[in-house]
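Q:
2 protein chains.
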Amino acid sequence: MRKSRNRPSAARSTADTDLTKRAQILDQAAKLFRRHGYAATTLRQIAEATGIKAGSIYYHFSSKEEILVEVMDTGIRMVAAAVREKVDALPAGASNRERIAAAVEGHLYGLLHHGDFTSANIRIYGQIPQSAKDRHRIVRLEYADYWDRLFAKAQRSGELRSDVPLSVMRLFVLGSLNFTVEWYNPKRGSFESFARSISALVFDGILNLGKELRRPPGRRRVAEPA
Amino acid sequence: MRKSRNRPSAARSTADTDLTKRAQILDQAAKLFRRHGYAATTLRQIAEATGIKAGSIYYHFSSKEEILVEVMDTGIRMVAAAVREKVDALPAGASNRERIAAAVEGHLYGLLHHGDFTSANIRIYGQIPQSAKDRHRIVRLEYADYWDRLFAKAQRSGELRSDVPLSVMRLFVLGSLNFTVEWYNPKRGSFESFARSISALVFDGILNLGKELRRPPGRRRVAEPA
DNA sequence: GTCTATAGTATGATAGAC
DNA sequence: GTCTATCATACTATAGAC
Numbered sequence: 200m201r202k203s204r205n206r207p208s209a210a211r212s213t214a215d216t217d218l219t220k221r222a223q224i225l226d227q228a229a230k231l232f233r234r235h236g237y238a239a240t241t242l243r244q245i246a247e248a249t250g251i252k253a254g255s256i257y258y259h260f261s262s263k264e265e266i267l268v269e270v271m272d273t274g275i276r277m278v279a280a281a282v283r284e285k286v287d288a289l290p291a292g293a294s295n296r297e298r299i300a301a302a303v304e305g306h307l308y309g310l311l312h313h314g315d316f317t318s319a320n321i322r323i324y325g326q327i328p329q330s331a332k333d334r335h336r337i338v339r340l341e342y343a344d345y346w347d348r349l350f351a352k353a354q355r356s357g358e359l360r361s362d363v364p365l366s367v368m369r370l371f372v373l374g375s376l377n378f379t380v381e382w383y384n385p386k387r388g389s390f391e392s393f394a395r396s397i398s399a400l401v402f403d404g405i406l407n408l409g410k411e412l413r414r415p416p417g418r419r420r421v422a423e424p425a
Numbered sequence: 200m201r202k203s204r205n206r207p208s209a210a211r212s213t214a215d216t217d218l219t220k221r222a223q224i225l226d227q228a229a230k231l232f233r234r235h236g237y238a239a240t241t242l243r244q245i246a247e248a249t250g251i252k253a254g255s256i257y258y259h260f261s262s263k264e265e266i267l268v269e270v271m272d273t274g275i276r277m278v279a280a281a282v283r284e285k286v287d288a289l290p291a292g293a294s295n296r297e298r299i300a301a302a303v304e305g306h307l308y309g310l311l312h313h314g315d316f317t318s319a320n321i322r323i324y325g326q327i328p329q330s331a332k333d334r335h336r337i338v339r340l341e342y343a344d345y346w347d348r349l350f351a352k353a354q355r356s357g358e359l360r361s362d363v364p365l366s367v368m369r370l371f372v373l374g375s376l377n378f379t380v381e382w383y384n385p386k387r388g389s390f391e392s393f394a395r396s397i398s399a400l401v402f403d404g405i406l407n408l409g410k411e412l413r414r415p416p417g418r419r420r421v422a423e424p425a
């Protein structure tokens, strides 16, 4: 069913147009899936938003579900790429806590800068057909494993609290980050200050510890011997 | 359009049957909305799950959207009721921090014990028609205001950190709680221990502060003078 | 209070012209 | 690579029998 591969390598402009159209369809699909859900979005809507007719979509995709799976995969991949970039940019001797902080920042960045794909992924994952979940599974699991290893190492080194089950901690953190796509408003301050706030809450919680213990924004507290 | 009100007050069994059927429809609708979304759920599915035929639903509801709005409202009301119960049970002199802790516990309780209505609400809110959002708006806003006041008081009394915008803090907390419906698994431990874990993370964050600073489960840290 | 039957509309997908 | 036209199916909602 895959067309539009293996084209004459010279035809640059044609190739670009083709890639662009495919990408356009995915962009519009992500936007519509995010706003109205998968089932409520029709191929006619996607087509109209892309500037073509419904039937033409089948030149680029073999089914509605194929569009869905590609939108879902893209959502995860964008976030995963942003996380790896941030974490890999750390100096060699970075602590596990610093690695998690970088991952949190990267996750938020990927999440909030590719809004439609990531929001669609988070919003509709629980509602898509099982067959789509199955095809999306590998990409999703791989990313979950990444965080799993990050947290496991950090707890072994004693940097994370040990009175809360590790899986609860990991799911809580990822869940709280993911839900920011539902309420983050770029008009109310810069992304950087937002990320600092979220990071502070994840690491230190909401309580006021007194002026003596609170560091200036951007720096985070480490264990404070009594 | 409203039938089945003002019936002969003697007919207890008839009344029960009627209420039960209406409630059954809502129960099944909530379950299906949660799993497949609003648009993807058909009246035939709701009817079949309830043990009647699609046309019969119109005796109890005037439209699909009316079912939706009632499911959405119920989701919020159940959580709000659980929160008020927990907060109102506190002694008169309770601190704002204790009030928030009780609200967190109540919110989690309401959320995870009425899974279908609350999960449906959280999952599909962003996708329902604008007309349904408008009709759902008042119930939703009222509950948001409750938390708003709770947080505002706590920050004024200095119990909450002041280096993070209050709205970010409130939305972060509610969002992280809400997202637990996506991953909470009652088979992996009791609700009570789960609630303690989440509460600990919300108030204190994920870092290990050293054995000296960590209180036994259930108790929470207050400001610790240096 | 539930049923059957159906009106009116929209959907995903396909075929074939250009 | 996109179009028009259409098939087969499904949907919400209504009407009227029981």
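Going down the list, the sequences are from chains A and B.
Following my numbering, the numbering of the first sequence begins with 200 at its first residue and continues without gaps.
Following my numbering, the numbering of the second sequence begins with 200 at its first residue and continues without gaps.
Virtual Cβ for every residue (Gly too), placed ideally from N, Cα, C.
Given the structure is predicted, the values throughout are model-derived calculations rather than measurements.
Check whether the segment 393-401 of chain A and the segment 350-369 of chain B touch, using three or more Cβ-Cβ pairs below 8 angstroms as the test.
A: Touching, per the Cβ criterion.
Q: Once you ignore the five residues that flank Ala-288/B on each side, which residues in its own chain have a CB closer than 8 angstroms to its CB?
A: Ala-301, listed in sequence order.
Q: Please list the terminal residues of the continuous alpha helix (DSSP H) segment that includes Asn-165/B.
A: Past the edges of chain B, shown from 200 to 425, lies residue 165/B, and the structure says nothing about it.
Q: So with CB distances below 8 angstroms, who are the chain B contacts of Asp-403/A?
A: The contacting residues are Arg-360, Asp-403, Gly-404 and Leu-406.
Q: Please state if the CB of Gln-326/B and the CB of Gly-274/A are separated by a distance shorter than 8 angstroms.
A: Cβ distance not < 8 angstroms, so Gly-274/A and Gln-326/B don't count as in contact.
Q: Going by beta-carbon coordinates alone, are Gly-305/A and Val-282/A separated by less than 8 angstroms?
A: Going by C-beta atoms, Gly-305/A is nearer than 8 angstroms to Val-282/A.
Q: Within its chain, find whatever has a CB closer than 7 angstroms to the CB of Arg-322/A; leave out the 5 residues flanking it on each side and keep chain order.
A: Around Arg-322/A: Arg-233.
Q: Using only the alpha-carbon positions, how far apart do Pro-290/B and Leu-307/B sit?
A: Approximately 21 angstroms between the Cα atoms of the pair.
Q: Can you round the beta-carbon distance between Phe-316/B and Ser-375/A to whole angstroms, since I take them to be within the 8 angstroms contact cut?
A: About 22 angstroms separates the two Cβ atoms, so there is no contact after all.
Q: Could you tell me the distance, in whole angstroms, from the CA atom of Trp-382/A to the CA atom of Ala-319/B?
A: Looking at the two C-alpha atoms, the distance is approximately 18 angstroms.
Q: In angstroms, rounded to a whole number, what distance separates the CA positions of Ser-356/A and Met-368/A?
A: Cα to Cα, the separation comes out at about 16 angstroms.
Q: Leu-359/B bridges to which residues according to DSSP?
A: Looking at the DSSP assignment, Leu-359/B forms a beta bridge with Leu-406/A.
Q: How many angstroms separate the CA atom of Thr-379/A from the CA atom of Leu-340/B?
A: One C-alpha to the other measures close to 19 angstroms.
Q: For the alpha helix (DSSP H) containing Tyr-258/A, name the first residue and the last one.
A: Note, Tyr-258/A: alpha helix (DSSP H), 256-259.
Q: Would Pro-424/A count as contacting chain B if we go by Cβ distances under 8 angstroms?
A: Here Pro-424/A scores only 44 on pLDDT, less than 50, and its place in the model should not be relied on; the value that follows carries that caveat. Yes, contact with chain B.
Q: If you draw a straight line from the C-alpha of Ile-251/B to the C-alpha of Arg-348/A, how long is it?
A: Computed Cα separation, rounded: 50 angstroms.
Q: Compare the beta carbon distance of Thr-219/B and Leu-231/B with 8 angstroms and say whether it is the shorter of the two.
A: Contact: no.
Q: Put Gly-292/A into one of helix, strand or coil per three-state DSSP.
A: Three-state DSSP puts Gly-292/A in coil, outside helix and strand.
Q: Starting from the Cα of Ala-246/A, find the closest Cα among Ser-261/A, Ser-262/A, Glu-264/A and Gln-227/A and give me that residue.
A: Out of Ser-261/A, Ser-262/A, Glu-264/A and Gln-227/A, Gln-227/A has the C-alpha closest to the C-alpha of Ala-246/A.
Q: Consider the Cβ of Phe-378/A: report whether some Cβ of chain B lies at a distance smaller than 8 angstroms.
A: Cβ-Cβ to chain B under 8 angstroms: yes for Phe-378/A.
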